[in-house]
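Q: First residue of the sequence shown: 16, per my numbering; consecutive thereafter.
Think of the CB as a built atom: it goes at the ideal place given N, C-alpha and C, for glycine as much as any other residue.
The structure follows.
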Amino acid sequence: MPIKNRLLIPSNDGQQGVATDGEFIYVQNTQQLFKYRLNGQLVVKGPRLKLHHGGIVFVKGRIYAAVSGCEPNGSDEHFVHVYDATSLELIGVHDVRKHFTVCAGGIAHRDGHFFVAESFFDDDHSDRIVEFDSTFRHIKTHEINFKSPFGIQGLEYLPGRDQFQVHSHGKAFYRINGQLENDSLIIGQSGFDLQDLTRLDRETLIINHRQAESLEFVEIR
16 MPIKNRLLIP SNDGQQGVAT DGEFIYVQNT QQLFKYRLNG QLVVKGPRLK LHHGGIVFVK
76 GRIYAAVSGC EPNGSDEHFV HVYDATSLEL IGVHDVRKHF TVCAGGIAHR DGHFFVAESF
136 FDDDHSDRIV EFDSTFRHIK THEINFKSPF GIQGLEYLPG RDQFQVHSHG KAFYRINGQL
196 ENDSLIIGQS GFDLQDLTRL DRETLIINHR QAESLEFVEI R
């Protein structure tokens, strides 16, 4: 994944999710959401909350965040938080606890449906991506024939390719078609440990490089 540019985004509690509307970049730390201009200038901070916040996605003026208790032995606290993208005010919460056991990780949006992936504290679980409609009514749980290190940390839909790009917590990632069919899976390898990602435009992904406290602008290939 060729790196085109980089923004340094200091973090005091661990970068988790990243999303963009093409004008601003939204960065989710473990318990707080931030909004930046594309040049890295901080615009506004959201409220500091409890529980573990993971991946985020921008949809129609709102930010959706995967939120969990996220305990190694399991948790029954799993939600999707909804923020106003202008103010970062928390404006809604969807309860998705019936569909997760450990930690809700990456989140993506495709054709009116939300896709929320599970993350784990080991490398022994097959990947799971849960599909919901626009009101977070359960549609289907997709089992993927891949065991991402620590489960899925990042998830983004690439409409020009009709593929999802799926990131582990290590260097491994893969692409899979929009129907999440296992026979379409293509495995890749990054040069750094991955986290969440978002599509800036047809040619560019923004990837959260947690260890470096940076956002990497990467060419889509």
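Leaving aside the five residues before and after H140 along the sequence, list all residues of the same chain whose C-beta is less than 7 Å from its C-beta, in chain order.
A: Cβ neighbours of H140 beyond the five flanking positions: K162 and G166.
Q: Three or more beta-carbon pairs under 8 Å between the region 182-191 and the region 201-220, yes or no?
A: Contact between the region 182-191 and the region 201-220 is present, because at least three Cβ pairs lie under 8 Å.
Q: Output needed for Q194: all residues of its chain with C-beta closer than 7 Å, excluding positions within five of it in sequence on either side, in chain order.
A: There are no such residues.
Q: By alpha-carbon positions, which one of S199, E231 and I78 ends up nearest to I24?
A: With distances taken between Cα atoms, I24 lies closest to E231.
Q: Thinking just about the alpha-carbon of each residue, which of E146, L220 and T150 is nearest to the one in P174?
A: For P174, the nearest C-alpha among the options comes from L220.
Q: Determine the direct distance from the alpha carbon of V33 to that of S229, and round the result to whole angstroms.
A: Distance between the alpha carbons of S229 and V33: 11 Å.
Q: Is the separation between the beta-carbon of F73 and that of T45 shorter than 8 Å?
A: The answer is no: Cβ separation not under 8 Å.
Q: What's the gap between the Cα of V117 and the Cα of E196?
A: Using only the alpha carbons, I get a separation of about 24 Å.
Q: Can you give the Cα-Cα distance for R217 and R236, rounded to whole angstroms?
A: Distance between the alpha carbons of R217 and R236: 10 Å.
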